[in-house]
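>
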Amino acid sequence: MENHTYKKIELTGTSDQSLEKAVENAIEKASNTVDDMRWFEVIETRGSIEDGAVAQWQVVIKVGFTLKG
35 MENHTYKKIE
45 LTGTSDQSLE
55 KAVENAIEKA
65 SNTVDDMRWF
75 EVIETRGSIE
85 DGAVAQWQVV
95 IKVGFTLKG
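Quick note on our numbering: the sequence shown kicks off at 35 and runs consecutively.
Laid out in structure tokens, this is it:
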């Protein structure tokens with residue numbers, strides 16, 4: 035088994051559908067510029083309210099990715 039070194043970044047994803055979709059949106063967007071993402075952990079959840087209803091979910095995640103070299 036090869037040893038790896040990881041770096042963590044913090045992202046905030048949003049969705050008007052669900053917490054899960056907010057996480058997926060953040061990871062999908064980050065995958066355009068960050069290679070070798072391996073795992074994530076949820077740090078915070080929150081949302082916005084408009085007219086007495088949930089308008090948007092916001093999820094802060096930390097994403098670990100493998101450093102090259």
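We put the beta carbon where it would ideally sit given N, CA and C, even for glycine.
(1) Let's see if you can read the secondary structure: which residues bound the beta strand (DSSP E) around K96?
(2) When you compare only the Cα positions, how much space is there between N59 and T48?
(3) Thinking C-beta only, is Q92 closer than 8 Å to G103?
(4) For a test of the three-state rule: what should DSSP assign to E54, helix, strand or coil?
(5) Locate the beta strand (DSSP E) running through T46, then write down its first and last residues.
(6) Count the other C-beta atoms from every protein chain shown that fall within 10 angstroms of the C-beta of A56, then say buried if there are 16 or more, exposed otherwise.
Inspection of the coordinates gives the following:
(1) For the purposes of this step, residue 96 is taken as the residue at position 62 of the sequence shown. Looking at the DSSP string, the run of the beta strand (DSSP E) that includes K96 is A87 to T100.
(2) To locate residue 59, count along the sequence shown from 1; it is residue 25. To locate residue 48, count along the sequence shown from 1; it is residue 14. Distance between the alpha carbons of N59 and T48 is about 7 Å.
(3) Position 69 of the sequence shown, counted from the start, is the residue given in the question as residue 103. Position 58 of the sequence shown, counted from the start, is the residue given in the question as residue 92. Contact flag unset, no.
(4) The sequence position of residue 54 within the sequence shown is 20, counting from 1. Looking at E54 - three-state DSSP - the assignment turns out to be helix.
(5) Counting from one through the sequence shown, the residue named residue 46 turns up at place 12. From DSSP, the beta strand (DSSP E) with T46 extends over Y40 to S49.
(6) The residue you call residue 56 lines up with position 22 of the sequence shown. Under this definition A56 is a buried residue.
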